[in-house]
Structure formats: structure tokens, C-alpha cells
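Enquirer:
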Amino acid sequence: MKKKTEKKSERTLRNRLLQAGMVMAAAVILFASMGLPAQAGKKRRAQTAATPLTYGDAYIIKFDGNGATGGVMDDMVLPTGLAYPLETNRYTRTGYSFAGWSDASGNVYNNNQVVQNLKNGRIESRKLAVFSAGFPINQALKFRSTQGSVVFDRNGHRYLAFTASINDPSYYAGDLSHYETAVLLYDLTTGQLVADVHNLNFDHGNSMCYNPDNGHIYIAEGGSLPGYPSGIMELTWDLKAIDSHGFPDLGRAFSITYANGQYFVIGKGPRDGDATTLFRLNSDMQMEDHFNVSKWYPAGYSPQGIAADDHFVYCIAANFSHHQWKKSQKVVVFTRNGLYAGTWSLDITKEAEDMSILGNDVYITTNDKTATTLYQSVLPSVKLYAQWVPAR
0 MKKKTEKKSE RTLRNRLLQA GMVMAAAVIL FASMGLPAQA GKKRRAQTAA TPLTYGDAYI
60 IKFDGNGATG GVMDDMVLPT GLAYPLETNR YTRTGYSFAG WSDASGNVYN NNQVVQNLKN
120 GRIESRKLAV FSAGFPINQA LKFRSTQGSV VFDRNGHRYL AFTASINDPS YYAGDLSHYE
180 TAVLLYDLTT GQLVADVHNL NFDHGNSMCY NPDNGHIYIA EGGSLPGYPS GIMELTWDLK
240 AIDSHGFPDL GRAFSITYAN GQYFVIGKGP RDGDATTLFR LNSDMQMEDH FNVSKWYPAG
300 YSPQGIAADD HFVYCIAANF SHHQWKKSQK VVVFTRNGLY AGTWSLDITK EAEDMSILGN
360 DVYITTNDKT ATTLYQSVLP SVKLYAQWVP AR
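Each residue of the sequence shown is one higher than the last, beginning at 0 in numbering that gives the first Met the number 0.
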């Protein structure tokens, strides 16, 4: 059998990454996210024990055909500090010739031009509003933590749903006699509370998502304490519990998101023991695949909420060894096939809990104990538009 040869572009990118002080793992996965062969992935697993949160931040380059009549181009993911040529144009337009790329600021780039730092690797956010978790049924107590959230559109309105719980010392000691959870639904168009429900049978409710295809909300239940379910709770959009989904290969569900007919869940074992694993499910909640991503969560970092779009899954990771959140929170990015694509910094000074993506709008919520703050964020990406001239 003829041995496969490695493309020059693959060797060049790996060499440049090494020169930039980055391990070979990054290069292989960058290929995958750019649509290039990933046969070097076997080398990736044996190269180094270094973790990506020690790398420089990354950013996405998106390509727009700008009137193209044919061709498709994948996104590129590049670490900041790395100089690398743009992908060869694969768009075509009847009656026109390709004349390069242009960004929104009017900067012009040639085909295959070497670029560097077209964007920083930071997620930039602005505060929109603070939403109260209200009071427990036992009003002598207070909610101590707001957890998962989801922002979604329905019938011309945009909504925010989030969970709250009483995570006090008694809870962590196993005394659940006064433990209480709540799910709250706010209409972002009016700012009014639409619905709330107390004491659904989930633990923390670490993460939430909305499926626009069936109009249902899903909660990653958590399952930290004995007696609580550890899978996925399903609600109607107005917070009526209708089902709970368990999976033999999933010990505890920490995070969930939905995009384009697939669910993505971050959880642990038992398939991979205590390893942090990214599970991909189809629209019927049937397991399609799973990916051990524990190496991308180094010691001290824990999974928080996640979001997804057409190309990537975005996973908030937090270090709870101290509470200087601006220094200890990242967003780890994977392809939808579980390959590491990059790491981004967060500029939010509170504990980031969950993320939602609606088209070009990105939302992040934080844990304010008795409330949650909603931020609108901008992902570190740059879009390049194909430029065309009439063919001669």
C-alpha cells in the first residue's frame, strides 16, 4: 500500500507553530478546522503533555464569497502571533475573475497573502442587564448561585431562561432538607418575568439550550450529589417539565447546546472514567460520537456552559482555585468533530456560566448569586470578502 505523503502546507504550518513556541498538537487540529487532512493526528496524541491554555489566544478567519456562484471555503483558525498564508481562494463567480480579499475596514489582501494578528484572541463583552433570581419558596433563605442559561427567539420575542439554586454549606455537606432550585424565564423585549418554576428535580442545572425545531429547553442536570439525576432534563419553552434523558456512557452532564440538528454535551464517564468528554447527539437525543477532551481542561479548570454554531463548539472553562475571574476564565474551541481549534480569553470579571449564539449575536451570563448579568459579546473573528473584477 502506497504511503500517504504529507502536504507541504501541513509541514509549513507545524514548523511555524513550533517556531512560535507552540506544540505540534495545535497544527494538526488547525488543519482539521480548515478542512485539510488530519492524518497527522496520531502524532498529536504522543507529542507532548502541554495544554492549550498555555498557548497564545486564537482567532477565526471567515471567508465570504461576496456574490460567488460556486465554491465553498472553510474557516481558518490561527493563533495570535502566527504568520501564515491565507487559504487559496476556492470561490468562483460567472463572468468575473477573483481579485483578492477585503475586510470590513477596507484592508486588501492578495490570494495566499501571509497574514498575522488580523484579530486579537479576546472575547469582548458589554453588559446588557441584570436579572433577579427572585426568592426561594422559603423566603428566609436566598439563592446562592445562578447557573445555566439560554437566550432564544420565539414568536418575534427574544427570551432569557436561567437556573438558580441554594448552594450553601449545608448543601455541600449533603443536607438537602432545604435545598431548592428555580428556573426563570424573562422576555428580553419587555424585560418582564414571564414564568418561573421551583424545585424541578435537577442538581445545579449547570447549562441550558433551546431547540428551535421543537420549541423545547434542555437542562444539563449536573448530578453532583447522590439522589439527583445526572442526564438532561427537557422542558417546554414556558418551563413545563416533560422528560428526562439518561445515557449509559454519560455519568454526569455539565453542559449542553444545540445547533443545526445536533446536541453537544460536556460530561464525564463512565465510558472514559473521570475524563471530561464531549458527546455529540442527533436530534433524537441518540449518541452519535464522543471525544475525550480532558487534556484541554488542565488541572484546576472545570467545564462551564457551551454554545455551538455551524463550525465550532465553544466551551467556557473556569479555574476555581481563586476568584480572579478575568485571569482564570477561557473559552476552549472545538470543531463539531471534537478536534481542538483554539483558546480565547474572556474579559468578564464575574464567573461566566453559560453562552448562547443566535446568528451574529453572542450572549454570556454570569453567576451573581441572587441574580444573573447578561452580556452581549463579540467573538474574535474577522471576515474576508472576495473581490471580483469583470473577466476579460
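Glycine included, each C-beta is placed from N, C-alpha and C at the ideal position. The structure presented is a predicted model; accordingly, all values stated were derived computationally and were not measured.
Below 8 Å on the Cβ atoms is my contact criterion, and I expect His289 with Asp237 to pass it. Report the Cβ-Cβ distance as a whole number of Å.
Expert: That pair is no contact at about 32 Å.
Enquirer: Is Pro168 near the ligand MG, going by C-beta to nearest heavy atom under 8 Å?
Expert: Among the components modelled here there is no ligand, and therefore nothing to report on the ligand MG.
Enquirer: Tell me the rounded alpha-carbon separation between Tyr374 and Ala163.
Expert: Rounded to the nearest angstrom, the two C-alpha atoms are 18 Å apart.
Enquirer: If we count the other Cβ atoms within 10 Å of its Cβ and call it buried at 16 or more, is Ala139 buried or exposed?
Expert: With fewer than 16 other Cβ atoms within 10 Å, it is exposed.
Enquirer: Looking only at its chain, what residues have a beta carbon closer than 6 Å to the beta carbon of Gln115, apart from the 5 residues adjacent to it on each side?
Expert: Closer than 6 Å at the Cβ level, and outside the excluded window around Gln115, lie Ala82.
Enquirer: Please determine, among His321, Gln323, Thr369 and Ser376, the residue with the shortest C-alpha to C-alpha distance to Trp343.
Expert: Of His321, Gln323, Thr369 and Ser376, the residue nearest in Cα terms is Ser376.
Enquirer: Count the other C-beta atoms from every protein chain shown that fall within 10 angstroms of the C-beta of Met21, then say buried if there are 16 or more, exposed otherwise.
Expert: Because the pLDDT of Met21 is 40, which lies under 50, any placement of that residue in the model is unreliable, and the number read from its coordinates should be weighed accordingly. Met21 comes out buried.
Enquirer: Can you list the alpha helix (DSSP H) stretches of 4 or more residues lying completely in the segment 147 to 190, in chain order?
Expert: Listed in chain order, they are 168 to 171.
Enquirer: Given this structure, state the Cα-to-Cα distance separating Ala39 from Asn336, to the nearest angstrom.
Expert: Any reading at Ala39 must be qualified, since the residue scores a pLDDT of 29, below 50, and its modelled position is unreliable; the value itself is stated next. Distance between the alpha carbons of Ala39 and Asn336: 16 Å.
Enquirer: Which of helix, strand or coil does DSSP assign to Arg10?
Expert: Model confidence at Arg10 stands at a pLDDT of 46, short of 50, so the residue's coordinates are unreliable and nothing is read from them.
Enquirer: Distance, Cα to Cα, Gly94 vs Ala390?
Expert: Distance between the alpha carbons of Gly94 and Ala390: 5 Å.
Enquirer: Select from Thr91, Asn110, Tyr90 and Ile305 the residue whose C-alpha is nearest the C-alpha of Gly99.
Expert: Minimum Cα distance to Gly99 is reached at Asn110.
Enquirer: May I have the straight-line CA-CA distance separating Leu85 from Val113, to the nearest angstrom?
Expert: Roughly 6 Å separates the two Cα atoms.
Enquirer: In angstroms, rounded to a whole number, what distance separates the CA positions of Thr371 and Phe253?
Expert: So the alpha carbons of these two residues sit roughly 19 Å apart.
Enquirer: Taking only runs that begin and end inside the segment 110 to 142, name each unbroken alpha helix (DSSP H) of 4 or more residues, in chain order.
Expert: Within the segment 110 to 142, no complete alpha helix (DSSP H) run reaches 4 residues.
Enquirer: His215 and Thr188 - do their beta-carbons sit closer together than 9 Å?
Expert: Result no, Cβ atoms of Thr188 and His215 do not sit closer than 9 Å.
Enquirer: Could you give the C-beta distance for Arg89 and Met75, rounded to a whole number, given that I count them as a contact under 8 Å?
Expert: Actually they do not touch by this definition, with Cβ atoms about 12 Å apart.
Enquirer: Thinking just about the alpha-carbon of each residue, which of Ile231, Gly190, Pro379 and Asn106 is nearest to the one in Cys208?
Expert: The option with the nearest alpha carbon to Cys208 is Ile231.
Enquirer: Go through its chain and collect everything with a Cβ distance to Arg251's Cβ below 6 Å, but skip five positions before and after it.
Expert: Gly222, Ser229, Gly266 and Lys267.
Enquirer: One question on the structure: do His203 and Glu179 come within less than 9 Å of each other, judged by their Cβ atoms?
Expert: Cβ atoms of His203 and Glu179: not closer than 9 Å.
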